[in-house]
Amino acid sequence: MGKGTRNIAKQLGRMRLGLILLVFFVALALVGGQILRSTLLQNAHESNTALSRYYAAETNSSLTMYRALLEFGTESLDSRNEQGNTWEELEGWVRLFCTRLRSVLGDEAINVYGVVDGTPLTVGDWDEMAGTGGGATGASADTSTGTSANVTTDELPAIDVTTREWYRAAMASPGETVFTDVYEDALTGQNVVTVACAGSTGNVVLAFDLYPENFVFQYEQQDLPEGASFFLCDGVGNILYSETSFTHEDGLDAYILDLVHRIEAGELEDATSYVIDLDGRERAVDYSRLANGWYSIVTAPRAVILGRLQSVGVLFGIMVALFAVLLGALAVRDMRRARTMERTNETVRVLGNSYYAIYLVNYEEGTYEMIKGSDYVRRRIPKRGPYESLLRTAAEVIERDTFEEFEESFSADNIRMLVAGRVRDYGGDFKRRFGDSYRWVNVRVLYDESLDPEEVVLCFREVDQEKQRQLQERHYLEEALESSRASIKTRQAFFNNMSHDMRTPLNGIIGLTELARAHADDPAAVAGYLDRIDRSSQQLLALINDILDVARMEQGSVSLATEQMDLAQVIDDCAEPFRLQAAREGKSFELACDVADARVLADPLRFSQVLNNLLSNALKYTDPGDAVYVRAEQLSDTEAEGGVATYRITVKDTGIGMSPEFLERLFDLYAREQRFGTRETVGTGLGMPITKNLVEQMGGTLEVQSELDQGSTFTVTVPFAVVAEGAHAPAGDAVPGPTGEGAAAAVDALAAAADAAPLGGAAGAAPRPAASATPHVAAPAPTAEELLASLAGKRVLVAEDNAINMEIATEMLGMAGLETARAWNGREAVDAFAASAPGYFDAVLLDMKMPEMDGCAAARAIRALDRPDATAVPLVAVTANAFAEDIVATTAAGMDAHVSKPIDFSLLCQTLAELIAARGDAEARAAGGSSQPVRGGDAG
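Okay, structure coming up:
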């Protein structure tokens, strides 16, 4: 036997299961098709038989009317005969009954006949119709009246009605109505049916003739099956009623007669029997026989009944063809796989460099073949053997706690399910004993079509280092996930609290505004309302500033200024408002300051912010009668510390204190203590994190001690450089700026844009507050009063899209002596500046977010204009965008300063005065040496 023949035989052997399945499938489909065909025919037979019975029942229901009328008439005639009525009276009653019967049935062609003791009461003209056999008596009714009541019995020739079929049938069943088959009327030549009934005495018979076309059948609407027909005929096949779907109806009478004959012969009893209809189609025939011998017949095309079976047959043929094609494709694929088996073996050898053990497992036969094995396994089991032996050997070295999982995962049954599910790579990590220690190994089941259909590769690889790294990374991820969840939960609580705390002052502002509007005629009340509106606005601003501070702290962009300050004075100034508040609330407030060296270098605004936060909390969480103590002391000698002294500021209260649980997360962002019985707190939970961050940036520490219902003690320890007598702060370190309320607002909006885009002044100058990015002006600088006075008559172009903000800005600037021009978007601002004469506008104020063109785009457009003042005119951003990146954006766009909303107009006016003065100085210097204008921002 040649190699090619052996390959074909081997291939057929591999395909034997598929071939057997194909043959079985074909045989099963054929048998199933035959069963389905019989079932369809039987179901149609039962359904159509039931339908014929329905029509038969409806026909009987219609005939009941005729029976009732005739039986009533017969009983009346029989009763009158028994009562001894004369012949003429009986004839008169019959005429009356005929008239009423025609009226009830609406059929003037009805003929009524009465027979008493074998003698007809009313008959037609014997001379004309004797012996014709027409109608019930052998003669039809008189054409003028439709009844034989117009002649008397003396005129009638002798006739034996007892020979008539209807008479014999009626006499055979007294009291029951009988119907004749259809026969031809001798007088009219039309088909007629005679209905007769004999009286209970047996000597009276009443009958009348009906024409089939005048029958009243009251069938309810009952849809026939698709293509089906219905016929009602008498016992010999004469059609009484039909509803058919035939295309051609020629020969219908003969067709029905043949059906009746075959029915009577018993040829159409089987569900598989059929006839050929007038259109040449096979039809199934089902029928029911009425009590009077008539037939209700339903026929249906077999093509409709078996239509779905034909579709199934076509589908089955397609499936067989596809299955055959699939078998052929599998055969071709297997042949190609045999050619590539050698390359597969080479691949396995390459994998052997990564895996210390490789086995070829036949899960159907339950065997293994060792391609490569560990020393431990090779010493215990042969190269080939039962797969269970391999699993038992693995059990000796796999960690006991995980062996059951290993055994279940890599059992032959589970491998079989994996292959059936086309899972090509499956496995997991387990601990295996190597000598005296356990290390992680990865076990994989690999399946591929290049292997035999029942085979998979089971391989083992050591992954201890990789697994340890994964476990460590997973631990880190779990910690990060937990931290993220906690942060999200905390932030959500923060936003909930922030929504409440922002709405509280907003509600006050809105309500007080309504009250002020309602009391417009009471200046004192309005002034009071405006004062409270101002306090609510400041509360809301402080809340927003806290949020902005936290945002900048998270970005690491909060910086501290360095300037001379009197530490004792700053502490006393901060404590004074709280001393007054304590007096109003019935609380004790004590301040002690023991500071030898009070003149230090620090950021007085940020230091004041720290003290304000601590004192605000102390007053907030104490009740009337409680006490607040503030003590400042110097801990170290200046000479011993090289010019730096350490100071400790302690804020202590006897208020409600804090729980140990909350104390652990006091400095977490957004954290606020909520416990049963505590008062409603106002704030976002940001004060302590901000305070701690500022203290740590100053190089100090913030410690806290607290007990519930005992109070809290906050201790700030911070080092400051002491200023010697007669010494001054290093040049460039002090940051001149506004004082008073404007300074407080400026501090809360601190920006850190100096590193990205310096705004002028000496190199290395400290960052400016976001509320004022005014560049330094060459000394000697004019006083603030002189600068503000210099604004009189200056022209400022204001670009603002909000009508209220525009009105406020123009009114406040006008009060400072400035002339203003309005632009409602950036495009209008550029056009207005371009249309003005050079030097007409002394400054331009630009909102950041405006329609048509935003502030930055407008600034770039103005700087790009070809006119002498385009690069020199001061441009100031006046916007609610107060973050560091916003300041960087406005600086990059060519603006000279950045003032955040809500606007401190004293600060804005001072900034404008400095910029305009700096521009004048620069232009003066340029006029002395060069005609080229110089930007105010570069003049310092």
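No gaps in the numbering here: position 486 of the sequence shown is 496 in this note's numbering, and each next residue is one more.
By construction, the Cβ of each residue, glycine as well, lies at the ideal position given by its N, Cα and C atoms.
Counting along the chain, ARG442 sits inside the beta strand (DSSP E) bounded by residues 435-444. Annotation: LEU807 to TRP834 spans about 11 angstroms, alpha carbon to alpha carbon. A straight-line Cα-Cα distance of about 18 angstroms links ASP532 and ASP544. The beta carbon of TYR639 sits closer than 6 angstroms to those of GLU600 and LYS662, all from its chain and outside the five residues before and after it, given in chain order. Around ILE519, the same chain offers ILE543, SER546 and SER547 as residues with beta carbons nearer than 7 angstroms, after the five sequence neighbours per side are excluded.
Only residues of its own chain outside the window of five on either side were considered, and among them VAL620, ASN623, LEU624 and LEU712 have a CB closer than 7 angstroms to the CB of THR701, listed in chain order. The alpha-carbon separation between VAL568 and ARG562 amounts to approximately 6 angstroms. In terms of Cβ geometry, VAL125 and TYR193 do not form a close pair [threshold 8 angstroms]. Counting only residues of its own chain and dropping the five nearest sequence neighbours on each side, SER298 has a CB closer than 6 angstroms to the CB of SER62, ARG63, ALA66 and SER306. By the neighbour-count criterion, in which a residue is buried when 16 or more other Cβ atoms sit within 10 angstroms of its Cβ, SER447 is exposed. LEU550 has its alpha-carbon roughly 39 angstroms from the corresponding atom of TYR850. Taking the C-beta atoms as reference points, VAL888 is found nearer than 8 angstroms to VAL909. Cβ contact annotation for VAL473 (same chain, cutoff 6 angstroms, sequence separation greater than five): TRP450 and ASN452, in chain order. Pairing VAL371 with ARG443, the inter-Cα distance amounts to about 23 angstroms.
The beta carbon of LEU319 sits closer than 8 angstroms to those of GLY43, LEU46, ARG47 and LEU50, all from its chain and outside the five residues before and after it, given in chain order.
Non-local beta-carbon contacts of MET905 in its own chain, meaning distances under 6 angstroms to residues more than five positions away in sequence, involve ALA869, LEU885 and ALA887 in chain order. Between GLU795 and GLN715, the alpha-carbon positions lie close to 48 angstroms from each other. In this chain, ALA907 is not harboured by any alpha helix (DSSP H); it is covered by the beta strand (DSSP E) spanning 907-910. Membership of LYS630 in the alpha helix (DSSP H) is indicated by the continuous run 614-630.
Around the beta carbon of THR901, a 10 Å sphere encloses 16 or more other beta carbons of the protein chains shown; the residue is thus reported as buried.
Note: SER306 is bridge-paired with LEU242 and SER298 in the DSSP secondary-structure output. Of the residues PHE326, ILE391 and ASN224, the one whose Cα lies closest to the Cα of VAL36 is PHE326. When Cβ pairs closer than 8 angstroms are counted between the two stretches, the region 420-427 is seen not to touch the region 382-394, the count staying below three. For TRP834, the three-state secondary structure derived from DSSP is coil. Between ASP195 and GLY245 the beta-carbon gap is near 19 angstroms, outside 8 angstroms, which marks them as no contact. With a contact defined as Cβ atoms closer than 8 angstroms, GLY865 and GLY836 qualify at about 6 angstroms. Taken atom to atom, the span from the alpha-carbon of GLU186 to that of GLU98 is near 26 angstroms. Cβ neighbours of ARG589 within its own chain (closer than 6 angstroms, five residues either side excluded): PHE599.
The Cβ neighbour count for SER722, taken over all protein chains shown within 10 Å, is at least 16; the residue is labelled buried. LEU216 is positioned such that its CB atom lies closer than 8 angstroms to that of GLY83. For GLN644, the beta-bridge partners assigned by DSSP are TYR657. GLY721 is bridged by DSSP to GLU717. Sixteen is the threshold: when 16 or more other Cβ atoms of the shown chains lie within 10 Å of the Cβ of ASN555, as they do, the residue is buried. Judged by DSSP secondary structure, VAL122 falls within the beta strand (DSSP E) whose first and last residues are 121-126.
If you draw a 10 Å sphere on the C-beta of LYS499, you find fewer than 16 other C-beta atoms in it, and that means exposed. Here the alpha carbon of GLY247 sits roughly 8 angstroms from the alpha carbon of LEU269.
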